[in-house]
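Working notes for the structure below.
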Amino acid sequence: MKFKKVILLIFFYLISINQNLYAETPYFLDFKFILNESVAGKKAQSFLKNKLEKGAKNIQNKQKKLQEEENKLIQKKKIISAEEYKKNVSLLRGKVTALQKERSKLLETVSKQRSQARKELLDNLNPIIKNYMKEKNIRMVVDKKSLLLADDALDITSDIISRLNNKLKSINLK
């Protein structure tokens, strides 16, 4: 008889634990939206976009000059000696290689700066979310991309983004 009572008590205890676990409502936020639409995030994206566009334009101009140089060299092929032609071709190839390195360096730099900006935003965002959770007695916040369906009333993105905008106006990218 004692054995049955113990099993019954354990069973009710487990049921009450499960009910407590499901009683908490998880809230969610759209992390990607915060990164893209916060004041600091917009400024960082604008800076990186401009840097990439300027770099790409500069590289395109250099590429056009190299193409013109190549066309001139092809036109001179019959006029100049074979040795001089080979020398000019190797110089042109060296310039093309340098241009490719410049392009990949630009992309690498922008990529590093993008990850730096993301890290700085995260470093500022985490304490804001923790404080918000303490204030509102929230035990769990989930990123929106991990959800299938949820009630919009559980979305705390706008509250978090306004607090982030008050705390972080811009990100220092060099």
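The numbering of the sequence shown is my numbering, which starts it at 38 and goes up by one. For glycine and all other residues, C-beta sits at the position ideal for the given N, C-alpha and C. Given the structure is predicted, the values throughout are model-derived calculations rather than measurements.
Under DSSP, Asp192 takes part in a beta bridge, and its partners are Phe65.
When the alpha-carbon of Leu103 is set against those of Leu136, Lys114, Ser118, the nearest one is in Leu136. Around Leu205, the same chain offers Ala77, Asn161 as residues with beta carbons nearer than 6 Å, after the five sequence neighbours per side are excluded. Counting along the chain, no alpha helix (DSSP H) covers Met177, and no H or E run does either. If you check the CB distance, Ala187 and Phe65 come in under 9 Å. For Ser141, the enclosing alpha helix (DSSP H) has its first and last residue at 119-173. The three-state reading of DSSP puts Asn209 in coil, since its state is none of H, G, I, E or B.
Here the alpha carbons of Thr62 and Ile166 stand approximately 16 Å from one another. Where Ser83 is concerned, the enclosing alpha helix (DSSP H) starts and stops at 76-113.
Contact annotation: Leu110 and Leu129 have beta-carbon atoms nearer than 9 Å. Ala93 and Ile208 have their alpha carbons spaced roughly 23 Å apart. Taking Val126 as reference, the option from Lys142, Lys91, Asn108 with the minimal CA-CA separation is Asn108.
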